[in-house]
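Okay, so here's the structure we're looking at.
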Amino acid sequence: MQTKAIYPGTFDPLTNGHLDLIARGAKIVDQLVVAILRNSEKGAPLFTASEREEMIREATLGLGNVSVATFDGLLVDFARSQGAKAVLRGIRAVSDYEYEFQMAMMNRKLDPELETLFMMPAEKYTYVSSRLIKGVFHLGGDVSSLVPPLVMDRLKSKVPGAI
Ligand code: COD
Numbered sequence: 001m002q003t004k005a006i007y008p009g010t011f012d013p014l015t016n017g018h019l020d021l022i023a024r025g026a027k028i029v030d031q032l033v034v035a036i037l038r039n040s041e042k043g044a045p046l047f048t049a050s051e052r053e054e055m056i057r058e059a060t061l062g063l064g065n066v067s068v069a070t071f072d073g074l075l076v077d078f079a080r081s082q083g084a085k086a087v088l089r090g091i092r093a094v095s096d097y098e099y100e101f102q103m104a105m106m107n108r109k110l111d112p113e114l115e116t117l118f119m120m121p122a123e124k125y126t127y128v129s130s131r132l133i134k135g136v137f138h139l140g141g142d143v144s145s146l147v148p149p150l151v152m153d154r155l156k157s158k159v160p161g162a163i
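Quick note, the sequence shown lines up with residues 1 to 163 if you use the UniProt record's numbering.
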């Protein structure tokens, strides 16, 4: 039987930490669906859902078993509609644990059949987050080694004059 997992997130924007996790996840499941929450729960996103989708599609072209989708509403409903057995999430540091634990337990309550798998990125990406990337970039800092080049280009055109 094929194992399908969902890697959900806001991805505003995709970072090398996300990509690292996608590559690791794609090695252990048959199909991995990167699922972008359309209406961010973190306030107004910098990139629209279709921009985020395009960036992830382009960055994962080399990974044959990875697809990209957007969703609204409950993650468990989207996972069920995709026939996915698991949700993949990243843990960077102890600080991620509490939020991830609550989310995994709530998702289990909503759908006891859906498992949450946690993976850790390469050490060099453990401090990377989309929020930090945007903040540093807005202030003129160099984040080019922390995001894929195509995301860097999009950041430059979205925030002209930042670099
Ligand atoms: N290295 C490794 N992993 C990373 C890194 C990094 N550098 N950066 C981020 N990650 C991981 C995160 O830990 C997370 O697991 C994943 O990548 C995505 O990160 P984000 O920040 O883009 O995504 P989130 O945390 O904003 O995603 C939240 C969801 C969209 C999954 C959540 O809000 C959700 O499921 N919403 C739908 C409504 C719902 O079902 N709510 C009830 C949930 S209990």
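Just so you know, even glycine gets a beta-carbon here, dropped at the ideal spot from N, CA and C.
Being a predicted model, the structure only gives us computed values, none of them experimental.
Would you tell me roughly how many angstroms separate the C-alpha atoms of residue i and residue j, rounded to the nearest one?
{"i": "residue 173", "j": "Ser81", "result": "The requested residue 173 is not part of the displayed model; the chain covers only 1 to 163."}
{"i": "Phe137", "j": "Leu37", "result": "23 Å"}
{"i": "Lys85", "j": "Lys134", "result": "33 Å"}
{"i": "Leu132", "j": "Thr3", "result": "33 Å"}
{"i": "Gly9", "j": "Val34", "result": "8 Å"}
{"i": "Ser67", "j": "Leu146", "result": "22 Å"}
{"i": "Asn107", "j": "Glu113", "result": "10 Å"}
{"i": "Ile22", "j": "Tyr7", "result": "8 Å"}
{"i": "Asn39", "j": "Val151", "result": "20 Å"}
{"i": "Met1", "j": "Asp142", "result": "45 Å"}
{"i": "Glu100", "j": "Ile91", "result": "8 Å"}
{"i": "Phe71", "j": "Phe78", "result": "7 Å"}
{"i": "Arg57", "j": "Glu123", "result": "25 Å"}
{"i": "Gly62", "j": "Gly73", "result": "29 Å"}
{"i": "Pro149", "j": "Met55", "result": "10 Å"}
Mind checking whether residue i and residue j have CB atoms under 8 Å apart?
{"i": "Leu75", "j": "Met119", "result": "no"}
{"i": "Lys156", "j": "Leu46", "result": "no"}
{"i": "Gly17", "j": "Tyr125", "result": "yes"}
{"i": "Val128", "j": "Thr15", "result": "yes"}
{"i": "Ala44", "j": "Leu19", "result": "no"}
{"i": "Arg154", "j": "Glu51", "result": "yes"}
{"i": "Ser130", "j": "Pro13", "result": "yes"}
Name the DSSP bridge partner or partners of residue i?
{"i": "Gly9", "result": "Ile36"}
{"i": "Met119", "result": "Gly90"}
{"i": "Gln31", "result": "Lys4"}
Taking 7 Å as the limit between beta carbons, can you name the residues of its chain near residue i, skipping five residues before and five after?
{"i": "Glu115", "result": "Lys85, Ala86"}
{"i": "Lys42", "result": "Thr10"}
{"i": "Ala93", "result": "Thr126"}
Given residue i, which residues of its chain have a CB within under 8 Å of its CB, disregarding the five upstream and five downstream residues?
{"i": "Ala5", "result": "Gly25, Val29, Gln31, Leu32, Val33, Ala84, Lys85, Ala86, Val87, Leu88, Leu117"}
{"i": "Asn65", "result": "Ala26, Val29, Asp30, Gln31, Leu32"}
{"i": "Leu110", "result": "Leu74, Val76"}
So, for residue i: in the same chain, excluding its five sequence neighbours on each side, which residues have a beta-carbon less than 6 Å away from its beta-carbon?
{"i": "Pro160", "result": "none"}
Inside the stretch 49-113 only - beta strand (DSSP E) runs reaching at least 3 residues: 66-71, 86-90
Alpha helix (DSSP H) segments (min. 4 residues) lying fully within the stretch 125-149: 130-138
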